[in-house]
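Engineer: Numbering (the numbering used here), first residue to last: 1011 to 1415.
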Ligand code: ADP
Ligand code: ASP
Ligand code: MG
């Protein structure tokens, strides 16, 4: 008998028919004698429409209330799935974060998991129940409801796997594996049989929303294999584990990703002296704003600097507000921002030592008449900020150059 944790995303529980399909699959594993914990997301489109509702009421909805609203989506799914499992003759119980004491920080809309009390789950498993748990949500020590950030149900599932020492967590979604690029953008992207935690983390963190980045971080930390597969068939998907597909020498490019929900802010005319960047980024960090690409350049003929940085669109307005305050405090000349920028990234181990690859990335974008606004390079990732309208073209061109031959 094994402990199996399965997570089903929004498309997999979009309507009654899909929920019943999931219930059948869950019972197949349960009837083979396994303990099964199922984590579910809100039905497809629900979280988006709840967010839309909040923003129809206010441009800056209170984040505590936003979390209260958004967690309702997952509760639709847990109750629906428990009903469907019982209808098929199984035993199931739905549980939310409060009932289980799924403890997080109080950072509303982007809370981090602190610890999970597994007693209630174990007790229900021992009674022969399938435990159907609400993804994405958590509870603070003061009983406030939180969410883990968009796509966070993957992280719920892997964190439960870690807390209960599961060997493998199955993530069921609407594609049958991790591909070398989003298969909805690149029709001949290749499915990977396996991928290392390191590479998967980089793909996820740079926009491949197929897995929530923090789920991969937790999997790597606790050595949990993730099997990412389709809820629409029985095919094997992609295994995320310590070592992925191998190739000797040669920079191994594993994928091309993109991310559209980015904004860029520039603080111009900052004094050129020690401590300025530290002040800017510690102030943003205090407000829990994650910055991504950072560029500092000096103004010609002046002892002044410009600092540009990118953030997720959700954080843009707050980051602009903070930058306006920093402008006054630090005596900067101005703050400007751009809303519709995108990032395209090429991911592969050894990119830094294979410098010719970096040049080829820029060449490929140039050949396609795509202007690069900002660049960031690491051992495993070359990312370029480009116009949002160029992003699909960029992904296809880079995939064709490095991953199709
Ligand atoms: P779920 O609701 O099941 O969590 P998501 O929509 O969050 O599903 O993630 C699955 C989607 O991720 C796919 O439909 C696909 O378009 C997208 N995706 C982006 N990059 C990749 C990639 N490299 N491989 C597979 N899917 C990808
Ligand atoms: N329902 C949440 C979202 O849409 C969480 C998830 O799907 O993982 O972001
Ligand atoms: Mg997802």
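Even for Gly, the Cβ is constructed at its ideal location relative to N, Cα and C. Because the structure is a prediction, the values reported are computed rather than measured.
Applying the criterion that 16 or more other CB atoms from any shown protein chain within 10 Å of the CB defines a buried residue, is residue 1259 buried or exposed?
Structural biologist: At residue 1259, the pLDDT of 48 sits below 50, so the modelled position is not reliable and the matter cannot be decided from this model.
Engineer: Distance check for residue 1181 and residue 1053, CA to CA, integer angstroms please.
Structural biologist: Between residue 1053 and residue 1181, the C-alpha separation is close to 16 Å.
Engineer: Hey, does residue 1337 have any beta-carbon neighbour from chain B nearer than 7 Å?
Structural biologist: In the structure shown, chain B does not exist; there is a single protein chain.
Engineer: Pull the bridge partners of residue 1045 from the DSSP assignment, please.
Structural biologist: Bridge partners of residue 1045: 1013.
Engineer: Give me the residue from 1079, 1352, 1328 with the minimum Cα distance to residue 1300.
Structural biologist: Comparing Cα-Cα distances from residue 1300 to each of 1079, 1352, 1328, the minimum goes to 1328.
Engineer: Comparing C-alpha positions only, which one of 1195, 1254, 1179, 1198 sits nearest to residue 1210?
Structural biologist: It is 1254.
Engineer: Quick check on residue 1185: does DSSP put it in helix, strand or coil?
Structural biologist: In the structure shown, residue 1185 sits in coil (DSSP, three-state: anything other than H, G, I, E or B).
Engineer: DSSP state of residue 1144, grouped into three classes?
Structural biologist: Here residue 1144 sits in strand by DSSP.
Engineer: What separation, rounded to the nearest whole angstrom, lies between the Cα atoms of residue 1166 and residue 1308?
Structural biologist: Rounded to whole angstroms, residue 1166 to residue 1308 spans 44 Å at the Cα level.
Engineer: Does the Cβ of residue 1084 have 16 or more other Cβ atoms within 10 Å, making it buried, or fewer, making it exposed?
Structural biologist: So residue 1084 counts as buried.
Engineer: Quick one: residues in its chain with C-beta nearer than 8 Å to the C-beta of residue 1395, no 5 flanking neighbours on either side, listed in chain order?
Structural biologist: If we look at residue 1395 and ignore the five residues flanking it on each side, its Cβ neighbours are 1272, 1274, 1303, 1320, 1351, 1352, 1353, 1382, 1383, 1384, 1385.
Engineer: Indicate the three-state DSSP secondary structure (helix, strand or coil) for residue 1281 in the structure shown.
Structural biologist: Correct three-state label for residue 1281: strand.
Engineer: Taking the straight line between their C-alpha atoms, what separation do you get for residue 1168 and residue 1015?
Structural biologist: Computed Cα separation, rounded: 8 Å.
Engineer: Starting from residue 1346, trace the beta strand (DSSP E) in both directions and tell me its first and last residue.
Structural biologist: Element bounds for residue 1346: 1344–1359.
Engineer: Starting from residue 1321, follow the beta strand (DSSP E) in both directions and report where the run begins and ends.
Structural biologist: Unbroken beta strand (DSSP E) run through residue 1321: 1314–1322.
Engineer: DSSP on residue 1237, reduced to helix/strand/coil?
Structural biologist: Looking at residue 1237 - three-state DSSP - the assignment turns out to be strand.
Engineer: Just to confirm the assignment, what range does the beta strand (DSSP E) spanning residue 1251 have?
Structural biologist: 1248–1251 is the span of the beta strand (DSSP E), which, as asked, contains residue 1251.
Engineer: Do you know how far the Cα of residue 1028 is from the Cα of residue 1371?
Structural biologist: Using only the alpha carbons, I get a separation of about 41 Å.
Engineer: Identify whether residue 1020 lies in helix, strand or coil by the three-state DSSP scheme.
Structural biologist: Helix, per DSSP.
Engineer: Compute every distance between the C-beta of residue 1100 and the non-hydrogen atoms of the ligand MG, then say whether any falls below 6 Å.
Structural biologist: Checking every heavy atom of the ligand MG against the Cβ of residue 1100, none is found closer than 6 Å.
Engineer: What is the residue span of the beta strand (DSSP E) that residue 1392 lies within?
Structural biologist: Run containing residue 1392: 1391–1397, per the beta strand (DSSP E) assignment.
Engineer: Check whether the region 1106–1123 and the region 1048–1064 touch, using three or more Cβ-Cβ pairs below 8 Å as the test.
Structural biologist: Counting Cβ pairs under 8 Å, fewer than three are found: no touch.
Engineer: Would you check if there are 3 or more beta carbon pairs closer than 8 Å linking the region 1130–1148 to the region 1082–1100?
Structural biologist: Yes, they touch.
Engineer: Going by the C-beta, is residue 1062 closer than 6 Å to any heavy atom of the ligand ADP?
Structural biologist: No, since every heavy atom of the ligand ADP falls outside the 6 Å radius drawn around the Cβ of residue 1062.
Engineer: Whole angstroms are fine: how far does the CA of residue 1147 sit from the CA of residue 1105?
Structural biologist: Their backbone Cα atoms lie some 11 Å apart in a straight line.
Engineer: How about residue 1148: is its Cβ closer than 6 Å to a heavy atom in the ligand MG?
Structural biologist: Result no, Cβ not under 6 Å from the ligand MG.
Engineer: Cβ of residue 1239 versus every heavy atom of the ligand ADP: is any distance shorter than 6 Å?
Structural biologist: It does not: the Cβ of residue 1239 is nowhere closer than 6 Å to a heavy atom of the ligand ADP.
Engineer: Can you name the residues that DSSP bridges to residue 1412?
Structural biologist: Answer by DSSP bridge pairing: none, since residue 1412 is not bridged.
Engineer: DSSP state of residue 1407, grouped into three classes?
Structural biologist: Three-state DSSP puts residue 1407 in a helix.
Engineer: Which residues share a DSSP beta bridge with residue 958?
Structural biologist: In this structure the chain extends from 1011 to 1415, so residue 958 is not present and cannot be described.
Engineer: Below 8 Å on the Cβ atoms is my contact criterion, and I expect residue 1047 with residue 1131 to pass it. Report the Cβ-Cβ distance as a whole number of Å.
Structural biologist: 7 Å between Cβ atoms; contact.
Engineer: Going straight from the alpha carbon of residue 1270 to that of residue 1377, what length do you get?
Structural biologist: Residue 1270 and residue 1377: Cα-Cα distance of roughly 22 Å.
Engineer: Determine the DSSP secondary structure at residue 1221, reduced to helix, strand or coil.
Structural biologist: Reduced to three states, the DSSP call for residue 1221 is coil.
Engineer: Just how far apart, CA to CA, sit residue 1339 and residue 1331?
Structural biologist: Those two C-alpha atoms are separated by around 13 Å.
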